[in-house]
Amino acid sequence: MASTRDIRRRIKSVKNTRQITKAMELVAASKMKRAQAATLAGRPYAQLMADMLAALASRVDETQHPFLTEREVKTRGILLVTTNIGLCGALNANLFKHVLDIKTPAKFVAIGRKGAQFLARSKRDLNSEFTVGDRGSFKEVKVAIEHMTKLYLDGEVDTIEVIYPRFKNTLIQEATVRPVLPLANLKGFIAHLQAESGTENNPQNDTREIIFEPNAHDVLAALLPYYVNRHIHQLVLSAKASEFSARMVAMKTANDNASSLIEDLTLEYNKARQAAITQEILEIAAGQSAA
Numbered sequence: 406m407a408s409t410r411d412i413r414r415r416i417k418s419v420k421n422t423r424q425i426t427k428a429m430e431l432v433a434a435s436k437m438k439r440a441q442a443a444t445l446a447g448r449p450y451a452q453l454m455a456d457m458l459a460a461l462a463s464r465v466d467e468t469q470h471p472f473l474t475e476r477e478v479k480t481r482g483i484l485l486v487t488t489n490i491g492l493c494g495a496l497n498a499n500l501f502k503h504v505l506d507i508k509t510p511a512k513f514v515a516i517g518r519k520g521a522q523f524l525a526r527s528k529r530d531l532n533s534e535f536t537v538g539d540r541g542s543f544k545e546v547k548v549a550i551e552h553m554t555k556l557y558l559d560g561e562v563d564t565i566e567v568i569y570p571r572f573k574n575t576l577i578q579e580a581t582v583r584p585v586l587p588l589a590n591l592k593g594f595i596a597h598l599q600a601e602s603g604t605e606n607n608p609q610n611d612t613r614e615i616i617f618e619p620n621a622h623d624v625l626a627a628l629l630p631y632y633v634n635r636h637i638h639q640l641v642l643s644a645k646a647s648e649f650s651a652r653m654v655a656m657k658t659a660n661d662n663a664s665s666l667i668e669d670l671t672l673e674y675n676k677a678r679q680a681a682i683t684q685e686i687l688e689i690a691a692g693q694s695a696a
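Numbering of the sequence shown is given in the numbering used here, commencing with residue 406 and proceeding in unit increments.
Put into structure tokens, the structure is as follows:
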């Protein structure tokens, strides 16, 4: 049995660790709420975009823009969105499973240091890596989006897909592969946007008349890059909410485990202390008997 001094030292160490994990849990909870609010704030923009694209869909030829034209897939373009640091459970590991499932040629762009490190270790074709702060600001994300879009327009990749942790709720973050380009089925994309923004049953979508100047084709050509920017940015915000949720849950689990360990160590300490006192009493009694 360990000495009482060693047990006290372990209890103190675990308590110090619990203070750290508790602070990290509170910080993650605060950041999670902020990330959720940022994600919800983008829904009105998604609604407006869905309305405009719905009006455009019936007026343009979907083959007239490179974002809409489907082509033979020789190289996939994968944007991997991970965290910059760990302590978030199996969040990143679940994303890496999707990467390992890719057997066809692919170029990777990483948002997050953990993803870049994994791609380098697994000897994948890492084209570029970017770091985005906790707020997931559009200015930071846009740099990665523009780089990815350039690869697509230059023909270096034939698709753009995003692997990211989709935020469902505080306890569930789902590793997801989301196709972004090409939008070969524009009407299908519109339905997705409307469902995402909760406007699929809005009668105004069918009756509102929109006049496009100079013409529908030019407006669509200008609108589609905004769609790509907005859509990928929303996915990154969802990934941020997932990261902070996973970290909050992981730190809460660590707190609970630390509390349980402290209880066990306290019990062990009391037993050791009781054994030491009993031993002293026995020694005193034995000494008196000998006298």
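We put the beta carbon where it would ideally sit given N, CA and C, even for glycine.
DSSP beta-bridge partners of residue i
i: R464; result: For R464, which the question treats as bridged, DSSP gives no partner whatsoever.
i: L484; result: V514 and V567
i: T581; result: Y569
i: L586; result: I565
Exposure label - residue i; buried when at least 16 CB within 10 Å
i: E648; result: buried
i: A690; result: exposed
i: E430; result: buried
i: P570; result: buried
i: G399; result: Because the chain is modelled from 406 through 696, residue 399 falls outside the range shown and cannot be assessed.
i: Q679; result: exposed
i: R652; result: buried
i: E400; result: The first residue shown for the chain is 406 and the last is 696, placing residue 400 beyond what the model contains.
i: I682; result: exposed
i: T352; result: Outside the modelled stretch of the chain, which goes from 406 to 696, sits residue 352, for which no answer is possible.
i: L643; result: Note on residue identity: the sequence assigns Ser, not Leu, to residue 643. With 16 or more Cβ atoms within 10 Å of its Cβ, S643 is classed as buried.
i: T474; result: exposed
i: T612; result: Any answer about T612 is weak, because its pLDDT of 46 lies below 50 and its placement is not dependable; what the coordinates show is given next. T612 comes out exposed.
i: T536; result: exposed
i: N497; result: buried
i: S418; result: exposed
i: K436; result: buried
i: A525; result: exposed
i: S408; result: exposed
i: R476; result: exposed
i: I490; result: exposed
i: R464; result: exposed
i: R423; result: buried
i: Q609; result: Confidence in Q609 is poor, its pLDDT being 47 and thus under 50, which makes the residue's placement too unreliable to answer from.
i: G538; result: exposed
i: I568; result: buried
i: Q639; result: buried
Check: residue i C-beta below 6 angstroms from any heavy atom of the ligand HEM
i: L629; result: Looking at this structure, you won't find the ligand HEM or any other ligand, since it has none at all.
Minimum C-alpha distance to residue i - residue among the options
i: D493; options: V633, L558 and K657; result: Per the sequence shown, residue 493 should be read as Cys rather than Asp. For C493, the nearest C-alpha among the options comes from K657.
i: R413; options: E688, N675, G692 and A451; result: N675
i: P587; options: K544, K528 and Y632; result: Y632
i: P630; options: V432, P471, G541 and I616; result: P471
i: N574; options: A646, R529 and F543; result: A646
i: T581; options: N620, K544, D506 and Q684; result: D506
i: A442; options: N620, R540 and I416; result: R540
i: F543; options: A446, N421 and Q424; result: A446
i: D530; options: N634, E561 and H636; result: E561
i: K508; options: R518, K528, G517 and N489; result: K528
i: K420; options: L687, S664, Q684 and A495; result: S664
i: M457; options: L628, E545, R439 and P584; result: L628
i: R518; options: G538, S533, N532 and T488; result: T488
i: A495; options: R415, Q578 and A433; result: Q578
i: P703; options: R635, S650, V654 and R583; result: Outside the displayed range of the chain (406 to 696) lies residue 703, so it cannot be described from this structure.
Could you name each continuous beta strand (DSSP E) segment of 3 residues or more that falls completely within the region 496-554, going from the start of the chain to the end?
511-516 and 531-535
Touching or not, the region 664-684 and the region 512-525, by the rule of three or more beta carbon pairs under 8 angstroms?
no
Taking three-plus beta-carbon pairs below 8 angstroms as touching, is the region 550-558 in contact with the region 491-507?
no
Count the CB pairs spanning the region 449-463 and the region 477-488 that are closer than 8 angstroms, and state whether there are at least three.
no
Secondary structure, beta strand (DSSP E): runs of 3+ residues fully inside the region 630-693
none
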